[in-house]
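Take the sequence shown: its letters are residues 1 to 318, numbered as in this note's numbering. No residue lacks a Cβ here, since even glycine has one placed at the ideal position from N, Cα and C. One structure is given here, and the rest of the page talks about it.
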Amino acid sequence: MDQHFKRRMAALAGVIALVGVGCGDANGAGGAAGGLSGSIAIDGSSTVFPIAQAVAEDFQIANPDVKVSVGLAGTGGGFEAFCAGDVDISNASRPIEEDETACLEDAGIEYTEFQVGVDGLAVVVHPNTDWADCITFDELKAIYEPGSQVTKWNEVDPGWPDEEIRIYGPDPDSGTYDYFAEEVADPDADEPATRDDMTQSADDNVLVQGVKGDPGSIGYFGFAYYQENAQALKALQVDSGDSGCVEPTADTVTANEYPLSRPLFFYVANDAMERPEVAEYVSFWVDGAAEFATAVGYVEAPSDAVAANEEALSSLAD
Numbered sequence: 001m002d003q004h005f006k007r008r009m010a011a012l013a014g015v016i017a018l019v020g021v022g023c024g025d026a027n028g029a030g031g032a033a034g035g036l037s038g039s040i041a042i043d044g045s046s047t048v049f050p051i052a053q054a055v056a057e058d059f060q061i062a063n064p065d066v067k068v069s070v071g072l073a074g075t076g077g078g079f080e081a082f083c084a085g086d087v088d089i090s091n092a093s094r095p096i097e098e099d100e101t102a103c104l105e106d107a108g109i110e111y112t113e114f115q116v117g118v119d120g121l122a123v124v125v126h127p128n129t130d131w132a133d134c135i136t137f138d139e140l141k142a143i144y145e146p147g148s149q150v151t152k153w154n155e156v157d158p159g160w161p162d163e164e165i166r167i168y169g170p171d172p173d174s175g176t177y178d179y180f181a182e183e184v185a186d187p188d189a190d191e192p193a194t195r196d197d198m199t200q201s202a203d204d205n206v207l208v209q210g211v212k213g214d215p216g217s218i219g220y221f222g223f224a225y226y227q228e229n230a231q232a233l234k235a236l237q238v239d240s241g242d243s244g245c246v247e248p249t250a251d252t253v254t255a256n257e258y259p260l261s262r263p264l265f266f267y268v269a270n271d272a273m274e275r276p277e278v279a280e281y282v283s284f285w286v287d288g289a290a291e292f293a294t295a296v297g298y299v300e301a302p303s304d305a306v307a308a309n310e311e312a313l314s315s316l317a318d
């Protein structure tokens, strides 16, 4: 990872990151449209946050009079702010849900979806975990399902040690939480969830630091956060029951071979696109989506999503 990525990741410790780059001139030397002013408010997924912050930094090099605030309240928290009209763009690590769509309809807010990358959700353990290299969906479910009574590793697999499991995971405001609950922990429920008697946070960086410093621990979060901390964490291979143990890598995520791969999105309020700074920002992100995603450790969106993005952007401009 380059130093720009490390700087962006360090900013995750704050609840809101205000990105203000005072280079470039008012005419936008070296970048997109210049001469713009105003502000753009963004919130939502902590997984999408590194991409959004990278876009904001580069956009402001060309447009130093536009102030872009990028928050990381989690996917659910971002949609709440979006529905309240507090933000122009909501980042999400899952597609928008029916209740969120209904909220926006009731508020009279029309929106447009853009897929801007693909992420693999990494399941990680403390680096001293030398007795496990792969974990199955069934084993993950046993640990994380609502009401789970599992407290020791040998309660998951008798061949694992009689040691306490220290469990970490996103909180319910996180799209990562929703995805994991639906796919692994509680897939048959009407409202999937995970156990709540563990350390939870919507900030993936908090989970990274927790697992790094806690022997016997397990957690899950976006693949880019694992990559940045690969020397201090151990990523487990994952077996969904279909294709055996698969390691999370950029190649397996791109090929959709890794069973915990998922799309990443942002949603923009259509009315906000009437403001030149928002319209230019969205165009800037969409046009450079592949480069921004790969620069911070994710995978570019598939070709059909790229085509849908271009069509959506064209429709907004009409």
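Beta-ladder partner(s) of residue i, from DSSP
i, result
"D239", "T136"
"Q200", "G169"
"L264", "G117"
"G325", "The structure shown does not extend to residue 325, since the chain is modelled only from 1 through 318, so no value can be given for it."
"V206", "Answer is none; V206 lacks a bridge partner."
"V66", "G38"
"K234", "V125"
Cutoff 8 Å; reference residue i; Cβ partners in own chain excluding five residues on either side
i, result
"D239", "C134, I135, T136, F137, C245, V246, P259"
"V66", "L36, S37, G38, S39, I40, F59, Q60, E277, Y281"
"S243", "E257, P259"
"V150", "A142, I143, V156, I165"
Coil, strand or helix - residue i by DSSP
i, result
"N51", "In the sequence as presented, Asn is not what sits at residue 51; that position holds Ile. Three-state result, I51: helix."
"T249", "coil"
"A255", "coil"
"A312", "helix"
"V306", "helix"
"T194", "coil"
"Y298", "coil"
"D43", "strand"
"A102", "helix"
"T112", "strand"
"A92", "strand"
"S174", "coil"
"S283", "helix"
"G38", "strand"
"A269", "strand"
"G71", "strand"
"V211", "helix"
"V87", "coil"
"G77", "helix"
Residue i to residue j span [Cα, whole Å]
i, j, result
"A54", "F266", "14 Å"
"G117", "T47", "11 Å"
"A26", "D99", "For A26, the pLDDT reaches just 33, beneath the cut-off of 50, and the residue's location in the model is therefore unreliable, leaving the point undetermined."
"E280", "A250", "30 Å"
"D203", "D106", "29 Å"
"E113", "L207", "28 Å"
"D271", "E110", "7 Å"
"V125", "Y220", "9 Å"
"P158", "R195", "22 Å"
"D171", "V211", "15 Å"
"A84", "G288", "29 Å"
"P302", "Q231", "30 Å"
"P161", "D130", "11 Å"
"N128", "K234", "8 Å"
"S283", "G120", "26 Å"
"A307", "A269", "20 Å"
"A295", "V184", "29 Å"
"G71", "N63", "20 Å"
"L49", "A189", "Residue identity differs from the one stated: residue 49 is Phe in this sequence, not Leu. When rounded, the distance between both Cα atoms is 29 Å."
"S174", "A73", "8 Å"
"E291", "E80", "29 Å"
"C103", "L316", "22 Å"
"D186", "D304", "30 Å"
"R94", "Q200", "19 Å"
"L236", "I218", "10 Å"
"L241", "D214", "The question names Leu, but residue 241 in the sequence shown is Gly. Rounded to whole angstroms, G241 to D214 spans 29 Å at the Cα level."
"E97", "A132", "35 Å"
Close beta carbons around residue i, own chain, < 6 Å, minus the five adjacent residues each side
i, result
"L313", "V286"
"Y225", "D204, V208"
"G44", "T75, G78, S90, N91, A92"
"T254", "V299"
"N309", "F114, V286"
"E257", "V246"
"F223", "D119, G120, A122, P248"
"E274", "none"
"A193", "P146, A181, D186"
"D178", "R94"
"T252", "V246, Y258"
"E139", "V156"
"D88", "I40, A41, A269, A272, V278"
"F82", "S90"
Sequence-distant residues of the same chain with beta carbon closer than 7 Å to residue i, five excluded per side
i, result
"E163", "K152, W153, G216"
"M198", "I167, Y168, G169"
Within-8 Å CB hit, residue i to chain B
i, result
"W153", "This model lacks chain B altogether, as it is built from one protein chain only."
Heavy atom of the ligand MN within 7 Å of residue i beta-carbon
i, result
"A107", "The model depicted lacks the ligand MN and carries no ligand whatsoever."
Notebook entry, point to check: Considering only residues of the stretch 146-170, which uninterrupted beta strand (DSSP E) runs meet the minimum length of 3 residues and lie entirely inside it, listed in chain order?
Noted result: 166-169
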